[in-house]
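So that you can map any letter, position 127 of the sequence shown is 127 in full-length UniProt numbering, and since no number is skipped, the others follow by simple counting. In this text, a Cβ means the ideal position worked out from N, Cα and C, and glycines have one as well. This one's a predicted model, so the numbers in the text were calculated from it and none came from an experiment.
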Amino acid sequence: MAFILTLAFINGCATVVSKMINYRCTKYLGTNNGSLVNYVVASVLSFILLAISSKFSINLYSFSQAPWWAYLGGAFGIVAFIISMITLSHLKVMESTILLLTGQLTAGILFDAFMFHNINLKKLLGILLVAAGIIWDNKISHMPEK
1 MAFILTLAFI
11 NGCATVVSKM
21 INYRCTKYLG
31 TNNGSLVNYV
41 VASVLSFILL
51 AISSKFSINL
61 YSFSQAPWWA
71 YLGGAFGIVA
81 FIISMITLSH
91 LKVMESTILL
101 LTGQLTAGIL
111 FDAFMFHNIN
121 LKKLLGILLV
131 AAGIIWDNKI
141 SHMPEK
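What follows is the structure, encoded as structure tokens:
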């Protein structure tokens, strides 16, 4: 379990680093070209990883077997990317990350509650504590120094 938690933490760090690199890229290329570069590079790397992990035996038929909604991840990903790049030009990295985390927590609560019917008092309390920490950090970050 410690390994999984460490991977999740690294994923959070990688998300912020990726966001900053992509933001710089869009400053040079523009939002549309920056997002194109991001997704072309990601697609090429994904194909290479798929080819290597499947020992170059890719079953294209399996792609037609997936339900239609399985392909929405990429659509939501590009929307999230573009929104992230637009908001970063108006927000600080910390504010953007806090709002991203808040949105992820909200979506997680909704999915747990409505899709998986898996919500309980302990989860709600944990989420409320995280939200309170985010709010407190944001409040003390904006206090004038003495």
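What first and last residue would you give for the alpha helix (DSSP H) that runs through residue i?
| i | result |
| --- | --- |
| A8 | A2 to L29 |
| K92 | Premise fails: K92 is in no alpha helix (DSSP H) and is neither H nor E. |
| A113 | Note, A113: premise wrong, no alpha helix (DSSP H); not H, not E. |
| I134 | L121 to S141 |
| Y71 | No alpha helix (DSSP H) contains Y71, which DSSP labels as neither H nor E. |
| F63 | Y61 to Q65 |
Taking its Cβ as the centre, do 16 or more other Cβ atoms sit within 10 Å of residue i, making it buried, or is it exposed?
| i | result |
| --- | --- |
| G108 | exposed |
| N22 | buried |
| L88 | buried |
| S46 | exposed |
| G34 | buried |
| F81 | buried |
| S43 | exposed |
| S57 | exposed |
| S96 | buried |
What does a CB cutoff of less than 8 Å around residue i pick up in its chain, not counting 5 residues either side in sequence?
| i | result |
| --- | --- |
| I86 | T31 |
| A70 | none |
| I119 | I109, D112 and A113 |
Here's a check: name, in chain order, each residue in its chain whose Cβ is nearer than 7 Å to the Cβ of residue i, leaving out the five neighbours to either side.
| i | result |
| --- | --- |
| V37 | C25 and L29 |
Does the distance from the CB of residue i to the CB of residue j come in under 9 Å?
| i | j | result |
| --- | --- | --- |
| V16 | V93 | yes |
| L91 | A131 | no |
| I52 | T102 | no |
| K19 | S84 | yes |
| N138 | I98 | yes |
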